[in-house]
Every structure is written in structure tokens, then in C-alpha cells.
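J.:
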Amino acid sequence: MCRDTNLKDKAAALGYASMIMFRCRRSSNFHMRTLNFWLTPAIDHQQIIFLFDRTSTPIGFVIWAHLAPDTEERLLTDPNFLLHPSEWNEGGRTWIIDFCLPCGGAMEFIKEIKSTFRNACIDKVFWVRRHNDYSVKKTGHYSL
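FYI, the numbering for the sequence shown is 3 to 146, going by the working numbering.
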């Protein structure tokens, strides 16, 4: 039995994220080591929220990072972009790094997502959509 509450919570978060990613066409083919690059730092920095359906099943997540200008530039120009753990919270603008909601229904969660950002004193978030080859398709921002 695990007596470390933090470790237990982190394992649960990794489990939720894995369940969601397995149902997503885009991320279901990722290697397991990808979890360490995308999920672990987000969990460690408390920059991930999970979205649950009425039966408490995890059905989506949103991951964000506070990026310095040079990291932001890499996000937008490098299709192989990966964040170093130290880059997740460098300040600057807040970017949605991943929004995974495999079964759709984003509109019903907008209020919850906005509330999470507002509670973290974030008043604007930026986002990027990518083509299948991970080149940038479109960027934008939401004012909260």
C-alpha cells in the first residue's frame, strides 16, 4: 500500500491521462515515454485539469504552461517541440499545450476550464492547432 499521498495523487493523474489518451486517435499511438515529457511536468506544476463525465469517468484534460518568449518561438516553429521541465513555468504568456477530449463536447466544459484559469489568476490563454505533420495550422488566444 502506498502511504505517500503525493505519489498516490500523481499516479492517479497519470492513470486518468492514460485512460483519456488511449481513446484519442492522435495520442493513442504515443510511446509510453511520451507520458514523462507531456504529463509528468504538467502534474508536477499543477498545470493540468481533468474533465469528468456524470459517472466520474475521466474523459478529457487540458495542459498549459507559462512560456518565456524563446520557448514560445520553439513551440510555434519546431514540429518536434518538447518542453524541458524547467520551461513549464518560466513566466510570460500562458499556452495550452494539450487539450485532449476524444469524444468531443468541449463547449460543456468551457465554464469549468475558464474558472480554473481565473482561479490561477490567468486572464489570457494562447493556443495553437496543428496539422497531422505537427506544423502550425492556426494560433489564437482567449481572454478570460
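Glycine residues also receive a C-beta, built at the ideal position from the N, C-alpha and C atoms.
Going by DSSP, what residue range makes up the beta strand (DSSP E) through G107?
T.: Taken as a continuous stretch (DSSP letters only), G107 belongs to no beta strand (DSSP E), as it is neither H nor E.
J.: From the DSSP output, in three-state form, read off A122 for me.
T.: DSSP places A122 in coil when its eight states are reduced to three.
J.: Under the rule that 16 or more other beta-carbon atoms within 10 Å means buried, what is I22, buried or exposed?
T.: Its Cβ being crowded by 16 or more others within 10 Å, I22 is buried.
J.: To the nearest angstrom, how far is the alpha carbon of H68 from that of R56?
T.: Whole-angstrom Cα-Cα distance: 31 Å.
J.: Straight-line CA distance for K113 to D72?
T.: Spanning the two alpha carbons is a distance of roughly 31 Å.
J.: In terms of DSSP beta bridges, what is K140 paired with?
T.: Looking at the DSSP assignment, K140 forms a beta bridge with R131.
J.: Confirm the yes/no value for this check: CB of I98, any heavy atom of the ligand MG, distance under 7 Å.
T.: For the structure depicted, the ligand MG is absent and the ligand set is empty, with no information on it obtainable.
J.: Would DSSP call F83 helix, strand or coil?
T.: In this structure, F83 counts as coil in the three-state DSSP scheme.
J.: Going by C-alpha to C-alpha distance, which of A122, C123, I124, K139 sits closest to V130?
T.: The shortest C-alpha separation from V130 is found at K139.
J.: With distances taken Cα to Cα, identify the nearest neighbour of L16 among R28, P60, D6.
T.: Comparing Cα positions, the closest option is P60.
J.: Whose C-beta lies closer than 7 Å to the C-beta of P87 among residues of the same chain, with five residues either side of it excluded?
T.: Taken in chain order, the residues that qualify are P43.
J.: Unbroken alpha helix (DSSP H) runs of length 4 or more, entirely within the segment 52-104: which are they?
T.: The qualifying runs are 71-79.
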